[in-house]
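To start, the structure itself, in structure tokens.
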Amino acid sequence: MIQTSTRNLTALTIVVALFCTLASPVHSQARRNIKVLLQTGHTRTTSREAVQGSGSVVIRRGTAYPSGRISGSNRQTTVQRSSGIFTLVVDGSESIITVATRVPRSEIAYYYNHAVGSGAIEQRIIFTDVGTSLRVRAATLPDGQIQLRLTPRISYFSANRPGAIDFTEAATELIVPNGQPVSLGGSTASLHEITRQILGYRDYASSNETNLVVTATMQ
Numbered sequence: 017m018i019q020t021s022t023r024n025l026t027a028l029t030i031v032v033a034l035f036c037t038l039a040s041p042v043h044s045q046a047r048r049n050i051k052v053l054l055q056t057g058h059t060r061t062t063s064r065e066a067v068q069g070s071g072s073v074v075i076r077r078g079t080a081y082p083s084g085r086i087s088g089s090n091r092q093t094t095v096q097r098s099s100g101i102f103t104l105v106v107d108g109s110e111s112i113i114t115v116a117t118r119v120p121r122s123e124i125a126y127y128y129n130h131a132v133g134s135g136a137i138e139q140r141i142i143f144t145d146v147g148t149s150l151r152v153r154a155a156t157l158p159d160g161q162i163q164l165r166l167t168p169r170i171s172y173f174s175a176n177r178p179g180a181i182d183f184t185e186a187a188t189e190l191i192v193p194n195g196q197p198v199s200l201g202g203s204t205a206s207l208h209e210i211t212r213q214i215l216g217y218r219d220y221a222s223s224n225e226t227n228l229v230v231t232a233t234m235q
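Numbering (my numbering), first residue to last: 17 to 235.
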């Protein structure tokens with residue numbers, strides 16, 4: 017006859033339950049995507065105002081017959097344009113938007129052979145992206161807002177060093193509400209020109225306004 021104590025059965029049950037718990041897969045919660053939309057708006061307003069006179073003198077049999085007239089015009093035109101680009105960023109990571117051209121350039125590298133103690137110089141051709149890029153980093157905050165870090169980078173050929181490529185980089189950090197557009201700023205330029213003539217004048221004025229808006233939305 018085989019006898020099994022209650023204490024051994026209880027210990028065996030605990031071991032089996034612990035093994036099942038450790039063997040069960042743990043599914044991590046997938047991170048959400050954040051859609052970052054960058055919109056550029058451009059407004060151009062032009063105003064033209066002109067006054068032009070004309071006249072003539074007709075002489076018949078010693079008598080002068082002058083005639084003249086004045087015409088005026090006024091026109092104002094407003095043109096609005098907008099464009100946008102978006103990228104999807106995984107929560108807590110970053111995405112890069114690049115508009116560039118790949119150009120070849122030569123690179124000289126020095127290699128040292130530790131086995132024989134000799135060195136070698138090798139020249140090779142590599143490709144470098146020259147243009148503009150924008151690195152976007154996005155992360156959600158506990159209060160439902162989104163923290164953004166925008167880093168634009170502009171690369172260009174150096175004017176002082178032939179064959180070299182320089183770049184300019186700047187970073188901006190901001191906190192935006194979910195799904196609400198936030199203005200990052202803009203620029204305004206104006207032109208006013210007056211042309212005076214003998215029998216009139218022309219007044220031309222124009223203004224250009226550009227603004228940048230960013231909208232971050234959790235998907």
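Ideal Cβ positions, reconstructed from N, Cα and C, are used throughout, including at glycine. Small disclaimer: the values here were computed from a predicted structure and weren't measured.
| What's the gap between the Cα of TYR172 and the Cα of ILE191? | Your numbering for residue 172 matches position 156 in the sequence shown. Your numbering for residue 191 matches position 175 in the sequence shown. Rounded to whole angstroms, TYR172 to ILE191 spans 31 Å at the Cα level.
| task | Can you tell me the Cβ-Cβ gap for GLY201 and LEU228, rounded? I've got them flagged as a contact below 8 Å. | result | Walking along the sequence shown from the start, residue 201 turns up at place 185. Walking along the sequence shown from the start, residue 228 turns up at place 212. About 6 Å; that satisfies the 8 Å criterion.
| task | Measure the CB-CB distance between ASP107 and ARG165 and report whether it falls below 7 Å. | result | To locate residue 107, count along the sequence shown from 1; it is residue 91. To locate residue 165, count along the sequence shown from 1; it is residue 149. No, the pair does not count as a contact, with Cβ atoms beyond the cut-off.
| What separation, rounded to the nearest whole angstrom, lies between the Cα atoms of SER87 and VAL67? | Reading the sequence shown from its first residue, position 71 is the one you call residue 87. Reading the sequence shown from its first residue, position 51 is the one you call residue 67. Spanning the two alpha carbons is a distance of roughly 6 Å.
| request: Below 6 Å CB to CB, which residues in the same chain sit around GLU225 once its five sequence neighbours on both sides are set aside? | output: The residue you call residue 225 lines up with position 209 of the sequence shown. The answer, listed in chain order, is THR59 and THR204.
| task | Starting from SER98, follow the beta strand (DSSP E) in both directions and report where the run begins and ends. | result | Reading the sequence shown from its first residue, position 82 is the one you call residue 98. Element bounds for SER98: 79-106.
| message | My assumption, with CB atoms under 8 Å, is that THR148 sits in contact with ILE170. Please give the rounded CB distance. | response | Your numbering for residue 148 matches position 132 in the sequence shown. Your numbering for residue 170 matches position 154 in the sequence shown. About 5 Å separates the Cβ atoms of THR148 and ILE170, confirming a contact at the 8 Å cut-off.
| task | Spell out the partners DSSP gives ASP182 in its beta bridges. | result | Within the sequence shown, numbered from 1, the residue matching residue 182 stands at position 166. Looking at the DSSP assignment, ASP182 forms a beta bridge with TYR172.
| Roughly how many angstroms lie between the CA atoms of THR233 and GLN55, to the nearest whole one? | For the purposes of this step, residue 233 is taken as residue 217 along the sequence shown, with counting starting at 1. For the purposes of this step, residue 55 is taken as residue 39 along the sequence shown, with counting starting at 1. Their backbone Cα atoms lie some 14 Å apart in a straight line.
| request: Thinking VAL52 and ALA154 are a contact (beta carbons under 8 Å), I'd like their distance in whole angstroms, please. | output: As a working note, residue 52 is residue 36 in the sequence shown. As a working note, residue 154 is residue 138 in the sequence shown. Confirmed, about 6 Å.
| query | What residue range is occupied by the uninterrupted beta strand (DSSP E) comprising ALA155? | reply | Within the sequence shown, residue 155 is the residue found at index 139, counting from 1. Start and end: 134-156.
| request: With DSSP collapsed to three states, give me the class of LEU228. | output: The residue labelled residue 228 in the question sits at position 212 within the sequence shown. LEU228: strand per DSSP, three-state reduction.
| Close-in-space but distant-in-sequence residues of the same chain around ILE181 (CB under 8 Å, 5 per side omitted) | In the sequence shown, counting from the first residue as 1, residue 181 sits at position 165. Counting only Cβ-Cβ distances below 8 Å, and skipping sequence neighbours, we find ARG121, THR144, VAL146, SER171, TYR172, PHE173 and SER174.
| task | Please report the residue range of the beta strand (DSSP E) in which GLY201 lies. | result | If you number the sequence shown from 1, residue 201 lands on position 185. First-last of the beta strand (DSSP E) with GLY201: 198-213.
| request: Can you have a look at ILE162 and say buried or exposed, based on whether 16 or more other CB atoms are within 10 angstroms of its CB? | output: Here residue 162 is taken as the residue at index 146 of the sequence shown, counted from 1. With 16 or more Cβ atoms within 10 Å of its Cβ, ILE162 is classed as buried.
| field | Beta-carbon proximity of VAL95 to PRO82, cut-off 7 Å | value | The count along the sequence shown starts at 1 and reaches residue 95 at position 79. The count along the sequence shown starts at 1 and reaches residue 82 at position 66. Cβ atoms of VAL95 and PRO82: not closer than 7 Å.
| message | Beta-carbon within less than 6 Å of SER89's beta-carbon, same chain only, minus the 5 sequence neighbours each way: which residues are those? | response | Numbered from its first residue, the sequence shown carries residue 89 at position 73. The residues are ALA66.
| query | Contact check, GLY216 vs GLY100 under 8 Å by CB: the rounded distance? | reply | Translated into the one-based positions of the sequence shown, residue 216 becomes position 200. Translated into the one-based positions of the sequence shown, residue 100 becomes position 84. Not really, about 44 Å apart at Cβ, beyond 8 Å.
| request: Would you mind sorting VAL152 into buried or exposed? The rule is 16 or more other CB atoms within 10 Å of its CB. | output: For the purposes of this step, residue 152 is identified with residue 136 of the sequence shown, where counting begins at 1. Result: buried.
| message | Between the alpha carbons of GLU110 and VAL119, how many angstroms are there, rounded? | response | For the purposes of this step, residue 110 is identified with residue 94 of the sequence shown, where counting begins at 1. For the purposes of this step, residue 119 is identified with residue 103 of the sequence shown, where counting begins at 1. Inter-residue distance for GLU110 and VAL119 is about 25 Å (C-alpha atoms, whole angstroms).
| request: With DSSP collapsed to three states, give me the class of GLY69. | output: Position 53 of the sequence shown, counted from the start, is the residue given in the question as residue 69. Here GLY69 sits in strand by DSSP.
| task | Name the one or two DSSP bridge partners that GLY57 has. | result | Here residue 57 refers to the residue found at position 41 of the sequence shown. For GLY57, which the question treats as bridged, DSSP gives the partners SER98 and ASN227.
| request: Could you tell me the distance, in whole angstroms, from the CA atom of GLU185 to the CA atom of PRO168? | output: Position 169 of the sequence shown, counting from 1, holds the residue named residue 185. Position 152 of the sequence shown, counting from 1, holds the residue named residue 168. Per the coordinates, the alpha-carbon of GLU185 lies some 6 Å from the alpha-carbon of PRO168.
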